[in-house]
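Chains as they are written, first to last, in UniProt numbering: chain C, 1 to 210; chain X, 1 to 428; chain L, 1 to 746. All C-beta atoms, glycine included, are put in the ideal place defined by N, C-alpha and C. Okay, structure first, notes after.
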Amino acid sequence: MSNLSSQAAAQYNNNFLKEVEAMVEEGNWVKMCMQCGVCSGSCPTNFQAGWDHPPQEIFMMIRAGKREEVLNSQSMWMCTSCYNCIVRCPRKLPITHIMHGLANYAHRLGLAPKNQPTRHFAKLFWNNCIQTGRVNELKLSLGLYFKDGFKQGIINGLAMKDVALGLLKAKRLNPFELFKAHGCKDQKGIHAMLKKAHEIEERRKAIKTA
Amino acid sequence: MTEVVATNETILVVGGGISGMTAALEAAETGKNVVLVEKNPAIGGRTSQLYRYFPKLCHPICGLEINLRRLKSNPRIRLLTMAEVTGITGAKGDYTATIRITPRYVNANCTACGDCAKAVGAEIPNPFNYGLNKMKAAYLPNKMAYPMRFVLDKSIIGTPDADKAKAACKYNAIDLDMQEETVQIKAGAVVWATGWQPYDANKIQPYGYDRFKNVITSVEFERLADPHGPTSGKILRPSDGKEAKNVAFIQCAGSRDENHLRHCSRICCMASLKQTNYVEERYGNEGKSTIYYIDIRAIDRFEDFYAKVQANPNVSFIKSKVAKVTQDDASGDVILHGVNTEGYHRYATPHDLCVLAVGMEPSVKGANIPAEILADSSGFIEADPANGAFFGAGCASNALDVNRSVQSATAAALRAIQVVNRVAKAEV
Amino acid sequence: MAVEKKVAAYICQGCGLGERLDTDALVDVVKKEGKIQQVKPHPFLCSSEGVTMIQNDIDNDGVSHIMIGACSRRAKTDAFNFPSVAMSRANLREGVIWIRPDTEEARETTQEMAEDYLRMGCAEIKAMRQPEGNPNTGTSKTLLVVGGGITGMTAALEAAKTGYPVVLVEKSGQLGGWAAKLHMRVPSHEPYKAPVDNGVAGMVSAIEADPNIKVYLNATLAKTSGAPGRFQAEIATESGSTATEDVGAIVQATGFELYDANKLPELGYGASPNVVDQGGLEQLAREAAERGGPILRPSDGQPVKSVVFVQCAGQRDASGTHLAYCSGHCCNTSIKQAMYFKDANADIDTTVLYTDLRTPGNGEDFYRSAQEKGVIFTKGKVASVQPAGNTCKVNFHDLILDDQNASIENADLVVLATGQVPNSGVNIDFKAVEGEEAAAEVEKKTISILNLDYRQGKDVPQLKYGFTDSHFICFPYETRRTGIYTAGPVRRPMDIAQAKEDATGATLKAIQALENAAIGSAAHPRSGDLSYPSVRLEGCTQCKRCTVECPFGAIDEDEKRYPLFNESRCRRCGTCMGACPVRVISFENYSVDTVGSQIKAVSIPDEFSEKPRILVLACENDAYPAMDMAAMNRTETSSFVRVVPVRCLGSVNTIWITDALNSGYDGVMLMGCKHGDEYQCHFVKGSELANYRMSKIDDTLKGFNLETDRVQTYEVAITDIDRVPKLINDFEKRMFEIGMSPFKGF
């Protein structure tokens, strides 16, 4: 069987739905959607930049077995967690959570779109904060500014210079933090906690897959 | 004092809408004695407030006239209006119902001449038109009212208006000393046909019924379209009286929604399809309707009606549960926001008027039915042997259209007859 | 009852009648022209004092016929309720003073109007007799139930429970019908979560145990004759012999067949054994249950791992090839069937392909429950099913993802939700069309169910698509065959829960019909009416119009080809009376004479008076109430009209019109209900027939040398409250334009 036909055969069978139910947080709710579309209509992001598929469509795509398209999608990364969709969903689907669950799953599989800004930010944020147990805002901002190269970074930085100066004046920004960030008191403890959390999660995933 | 002769061979029918009337008439025409209790001053119920029926687009009061004639000529039915059952005790074949009768302040002498209404100054919201207009506080409930007798609203009792009404009546029909009374009657079986009420649209927050005048409910729309309604049948929007030529219908406003009503109310799809016809009837090809829906439930032969509306170029269908409604303050237009799920198209469409196809909530909720009566998760009375000789009929038992309500009421009448027949046999 | 006829008249002076009208003159008219000597005016006739006065005259003075000149016959019915006497009511309030201006100029014409209505009331009461009830009654209290499916069994059990014996005729060898073939059924009670037992076994044993229910299996109706209360059913039994049963009323519960899936080759039916209809799936499920194993794929007996349900297969078809309607139950049925798989093994893929999912009421819970169990619902329109080996490929248009080329491959089983086709027997209204297909269709439908020995055909008339549903929203049980009620899917597509409810209601109607037949009283919509049609056969010319036109098939022909009235089948609409060219048909309280004498009683001013007279014959159920309501609005209406309510426009005999024109009326208006496809006439054909008859009146008018505008027929609804006065006033204007009738004063 060629790749193309094997993918076609997978269409509209329930394999991907079952995978989502097993692996994605709140994924077992996907089957409950009745395609009314109130979630899509309620989303305040208005599906600008990058919203390729609204939630209800994502759910239909999952049922249609469109694994690659779903996991490669930008959509889940765009959710702002406003919870409008959850509040209005006539079937009480935890849509926000499902979207985050899908994003997380795509990320874990390495299928999430490269250079997806939300994902990039999330990674920066996470890596930044687990080092010292505190977010180094200066490093985080600069990391974001220079995401698309040095030139763009300078442009971004200059665009924000008034804000930066203001913060500096108000002593809310310390340029020396760039070299030595202050951390939380018990950094060891934090690291131990994160390690433990990671173990627990792995264990849970193992149970789910089994 | 109201006298009612009833025994445990009597059938008590609670509710004088199409279902209650049908149950009472069918039982009486089979030779049984019936007490029919209606809480409003006139019978007819919610169907008498409809402009037309689907799918024939005929007029509900046509059937009402037949039923009234049947009722007037049938000595076996004792009708109590402005009466509510406050409690029922006993068991199958032997119930005692307590009925509270509120004063009408008008007795049987009334000839419906209307002199009292002329004399009275005070005005109250007209419930027949869902409060869309006002009427005198001495009023005839509607032109088809039975009993054809005026009512004095209790708000004017003790005021000079009441005295004016009394003075204006040449027939000594106004009795300001009428008191609330409570009667107890026996019954072998009870048919509970208290109908439905439109789901409270204020609870559907995103649709703005509480904030935007041009968002109305489907039952209100019936009155707007009725030539004998508050706008003389011109479909004028409430905010500015502009002709509403571009009307949006939002389906499942409350129904099929776990935040509101779990069940599907069955009638709303057909009702909205019917109402698109009102828009066209009034404004011809200028009258445009858009139906926002999840599934169009035009069940069995109603499909024909759906097919006809679908073929009408003046009606559009958008498969979408509308996310929210906003208002354009300058024009007064309502703007519907959402996503057409068939292929994913986002819309923000202005309309002159937005009609919420509100769901059907059983009126048994909150009514004084014996606590042990089994109802389903939506509050509809279930057919269950545990309910003894207490039978739900019409929309007290399920979300039903008129045709099915009548079927249900006819079936309930038979179940009641079975009980009183057994009582009669035992007594011989 | 040979009680001496004593007539009394009462004139009310209340509600402004006393002020607006000259009561003394009215009394004079009643005495001198109406020839009723006992006339009593009363200041407030509907008061208890007034009513007592009338009742006293009835009780103590032997008054047997009363004429009340007061308000509309629709008003104050509780007060003017004298069931022991014949009564006519002259409408002086809504008919006169409420529609006329209270001015000095109008006083004369208003008074003339009132006087005419009194003349009419007097004439009517004299022509009326108090009905005594149809003597040709039958007293059978047995119910015949045709069909032993869930509907028929319900009807039988409910009737027996009410105390009525039942004869049940089932064409197959066992009770249960379609329901018995179901593995399980959709729940009709909380919780709406899973399929429940089909309930057939319990019903069958209850029927078998009930001594009041007599069952004929492998039996059909060879002939059904008679009328409510005295039907005779000839039952062709298994042995070849015929059994005869006397029954009082009939419930026809002959159910449905599944739409033939062979007509859907594009959906793979016939091409692969793995494509089944819903009935086929039930059989697979029952076989599996008996085996105690999973549902197997028919082609090779392997367990089914994936199944696709195709909704609306051959239904909701706009092309005219298949069923145009929706069968209502199939969404829930497919959900139930998907649960057969999911409840047994959650790993089986079950997909329902639908365009609109229709699960009304608590069906929504059932739908949710299926989703919880993992049934997948995909909104899509199926284009084709292609069998390939032991599986099928289902091609469809995914309407949500807007993918025209979506498909499900490797489906082990495809279930087609085909619809219900009613077993309703012969379509007696069928007009043969040319072409072979139509002929084949007709042939299929020539097998009668009831074999009615009625002149108008062997079966109950059908409404549409072969269903015997009633046309009336408010009166779903009213077939056009009195005492025969249809229930279940033969009447309308429906599920089991509805069929049981429907059967219970139909049983009540059947019991009611036989009880009323026993006392000689009419059935709906004139329930309680004791009048009945009588015919003077000496005058009959055997023209057959009455037998052809009766909307309820009440009239047969005897051996000598005279009309044979089956009074218990009659609904008292008077269509026969309207049809009869020699006027030999009448009812005691409604006849050519009761109306004709009213028409003649009106005083016709001479040609030069400029006072035309316009006769309005108005349907008492719609046009007449519309006029009453116009009067409540005090809508001014011509003072030249004289309105006579009629039971149905179908009862209008053309003699009334020619008499009116002959005696100098200037015009005649007929107001009846809408006819045609969406007819509103409660006697089904009355207004249509009237319209047809009136289409020929032009010749009569030409014969009289009169303008055709002088007789007009209008479709009027009860809500035409503003329109009716306008029609009348316009008509009046037209009469002035044409000029007065030349027939006055002859």
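Can a CB atom of chain X be found closer than 7 Å to the CB of residue i?
{"i": "L/Pro-165", "result": "no"}
{"i": "L/Glu-501", "result": "yes"}
{"i": "C/Gly-37", "result": "yes"}
{"i": "C/Gly-153", "result": "no"}
{"i": "L/Gly-138", "result": "no"}
Could you tell me whether any Cβ in chain C is nearer than 7 Å to the Cβ of residue i?
{"i": "L/Leu-353", "result": "no"}
{"i": "X/His-337", "result": "yes"}
{"i": "X/Arg-46", "result": "no"}
{"i": "L/Lys-223", "result": "no"}
{"i": "L/Asp-429", "result": "no"}
{"i": "L/Lys-726", "result": "no"}
{"i": "L/Lys-379", "result": "yes"}
{"i": "X/Lys-92", "result": "no"}
{"i": "L/Leu-401", "result": "yes"}
Can you name, in chain order, every residue of its own chain whose Cβ lies under 7 Å from the Cβ of residue i, other than the five neighbours on each side?
{"i": "X/Val-423", "result": "Asn-8, Glu-9, Gly-93 and Gly-188"}
{"i": "X/Pro-103", "result": "Met-178, Gln-179 and Glu-180"}
{"i": "L/Phe-472", "result": "Glu-478"}
{"i": "X/Ser-320", "result": "Tyr-292, Gly-338, Val-339, Asn-340 and Thr-341"}
{"i": "X/Gly-287", "result": "Lys-245, Val-279, Glu-280 and Asn-314"}
Looking only at its own chain, which residues have a Cβ that is under 8 Å from the Cβ of residue i, when we skip the five neighbours before and after it?
{"i": "L/Ala-587", "result": "The sequence given here places Phe at residue 587 of chain L; Ala does not occur at that position. Pro-131, Ser-531, Tyr-532, Pro-533, Ser-534, Arg-572, Gly-574 and Met-577."}
{"i": "L/Phe-44", "result": "Cys-12, Gln-13, Gly-14 and Gly-50"}
{"i": "L/Pro-712", "result": "What sits at residue 712 of chain L in the sequence shown is Gln, not Pro. Within the same chain, L/Gln-712 has close Cβ partners Gly-667, Val-668, Met-669, Leu-670 and Phe-731."}
{"i": "L/Thr-110", "result": "Arg-20, Leu-21, Val-96, Ile-97, Arg-100 and Ser-639"}
{"i": "C/Gly-153", "result": "Leu-142, Tyr-145, Phe-146 and Lys-147"}
Are residue i and residue j closer than 7 Å when you measure CB to CB?
{"i": "X/Leu-57", "j": "X/Gly-44", "result": "no"}
{"i": "L/Leu-413", "j": "L/Val-310", "result": "no"}
{"i": "L/Lys-509", "j": "L/Tyr-465", "result": "no"}
{"i": "L/Arg-569", "j": "L/Ala-554", "result": "yes"}
{"i": "L/Ile-511", "j": "L/Tyr-164", "result": "yes"}
{"i": "L/Thr-359", "j": "L/Cys-326", "result": "no"}
{"i": "X/Gly-359", "j": "X/Leu-224", "result": "no"}
{"i": "C/Met-99", "j": "C/Cys-79", "result": "yes"}
{"i": "L/Met-494", "j": "L/Gly-328", "result": "yes"}
According to DSSP, residue i sits in a beta bridge with which residue or residues?
{"i": "L/Lys-223", "result": "L/Glu-234"}
{"i": "C/Leu-140", "result": "Paired residues: none, contrary to the question."}
{"i": "L/Tyr-216", "result": "L/Val-169"}
Determine, for residue i, whether the minimum Cβ-Cβ distance to residues of chain L falls below 7 Å.
{"i": "X/His-59", "result": "yes"}
{"i": "residue 495 of chain X", "result": "The displayed coordinates of chain X run from 1 to 428. Any statement about residue 495 of chain X would go beyond what the structure contains."}
Can you list, in chain order, the residues of its chain with a C-beta nearer than 6 Å to that of residue i? Leave out the 5 residues immediately preceding and following it.
{"i": "L/Leu-217", "result": "Glu-170 and Gly-173"}
{"i": "residue 779 of chain L", "result": "Outside the displayed range of chain L (1 to 746) lies residue 779 of chain L, so it cannot be described from this structure."}
{"i": "residue 432 of chain X", "result": "Beyond the ends of chain X as shown, which are 1 and 428, falls residue 432 of chain X; an answer cannot be given."}
Run down chain D in chain order and give the residues with a C-beta less than 8 Å from the C-beta of residue i.
{"i": "L/Ala-717", "result": "In summary, chain D is missing from the structure at hand, where the protein chains are C, X and L."}
Below 7 Å between beta carbons is the criterion; list the residues of the stretch 83-98 of chain C that meet it against any residue of chain L, in chain order.
none
Name, going along the chain, the residues of the stretch 39-73 of chain C whose beta-carbon falls closer than 9 Å to a beta-carbon of chain L.
Gln-56, Glu-57, Met-60, Met-61, Arg-63, Ala-64 and Lys-66
When Cβ atoms are compared, which residues of the stretch 250-284 of chain X fall closer than 7 Å to chain C?
Arg-256, Asp-257, Glu-258 and Asn-259
Under 8 Å, CB to CB, which of the residues in the stretch 148-173 of chain X have a partner in chain L?
Met-148, Lys-170 and Tyr-171
Chain-ordered residues of the stretch 620-632 of chain L with a beta carbon less than 7 Å from chain X:
Asn-621, Asp-622, Pro-625, Met-629 and Met-632
Which residues, in chain order, does the stretch 182-210 of chain X contribute to contact with chain C at a C-beta distance below 8 Å?
Pro-206
Positions along the stretch 459-484 of chain L whose CB lies within less than 9 Å of some CB in chain X
Leu-463, Lys-464, Tyr-465, Phe-467, Asp-469, Ser-470, His-471, Phe-472, Ile-473, Cys-474, Phe-475, Pro-476 and Tyr-477
Can you list, in chain order, the residues of the stretch 393-410 of chain X whose Cβ is nearer than 7 Å to any Cβ on chain L?
Asn-398, Ala-399, Val-402, Asn-403, Val-406, Gln-407, Ser-408 and Thr-410
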